[in-house]
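Numbering (my numbering), first residue to last: 41 to 258.
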């Protein structure tokens, strides 16, 4: 299986790349800077250098062609201003989804945020972020050509993963190690029966594989 990840140098993406490569999958990560390439190679991923803030749909589709799944894990980051929430967290996600459609990649997983809502009110940076993520999610939901799953993790931590999670349509707020987010993404990529679901994720009682099978109806 070949998976292409947008935001390939991100903390969750690098963890996901290691997991997919370790299980024998082919994985590639889209990165903005050539100097990030060696880190991806060390994780077992093929680096694809492309700036999603300036690339065309055709350029992104070319990187996606031949993939079995696409994962959007890019983000403007906590130090960025409101403008980049729009150009990365919203516009780049929309671009990546359109490119997946053009490239014929049906399986599409997007890493969103708990509380993402296109109608979210407020003018603080985090308000803009939640609105941008919500607008991206809403756009992806409208694409019939994609078998999409939206994952909304709770408060991200760098604690060691436990492999135990709560994955439901509504979990309530709570923390989740990035290790466990990556583990859930690795399962979701390979579980098309979760298509059409928007899922919240926090630490919980269920092993990752059990939690994913449960929401998939197995």
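Where is the CB? At the ideal position from N, CA and C, for every residue including glycine.
The segment 131-145 and the segment 160-167 do not touch, with fewer than three beta-carbon pairs separated by less than 8 Å.
A residue is called buried when at least 16 other Cβ atoms come within 10 angstroms of its Cβ; residue 117 does not meet this threshold and is exposed. Comparing alpha-carbon positions, the option among 177, 64, 157, 180 lying closest to residue 171 turns out to be 157. For residue 251, the enclosing alpha helix (DSSP H) stretches over residues 248-255. Three or more pairs of CB atoms, one per stretch, sit closer than 8 Å, so the segment 68-87 contacts the segment 48-56. Here residue 212 is actually not in contact with residue 243; their C-beta atoms are around 12 Å apart, not less than 8 Å. The straight-line gap separating the alpha-carbon atoms of residue 229 and residue 250 is approximately 15 Å.
Within the segment 44-109, complete alpha helix (DSSP H) segments of at least 4 residues are found at 51-62, 77-83, 97-104, given in chain order. The continuous beta strand (DSSP E) containing residue 149 extends over residues 147-151. In the structure shown, residue 234 adopts helical secondary structure according to DSSP, grouped into three states.
Within the same chain, 203, 204 come within 7 Å of residue 247 by CB-CB distance, once the 5 residues on both sides are set aside. In this structure, residue 130 sits near residue 176, with a CB-CB distance shorter than 7 Å. Counting along the chain, the unbroken beta strand (DSSP E) around residue 204 starts and ends at 204-208.
About 7 Å separates the beta carbon of residue 192 from that of residue 241, a gap short enough to meet the 8 Å contact definition.
Here the alpha carbons of residue 159 and residue 236 stand approximately 21 Å from one another.
The beta-carbon distance between residue 110 and residue 145, rounded to whole angstroms, is 5 Å. This is short enough to meet the 8 Å contact definition.
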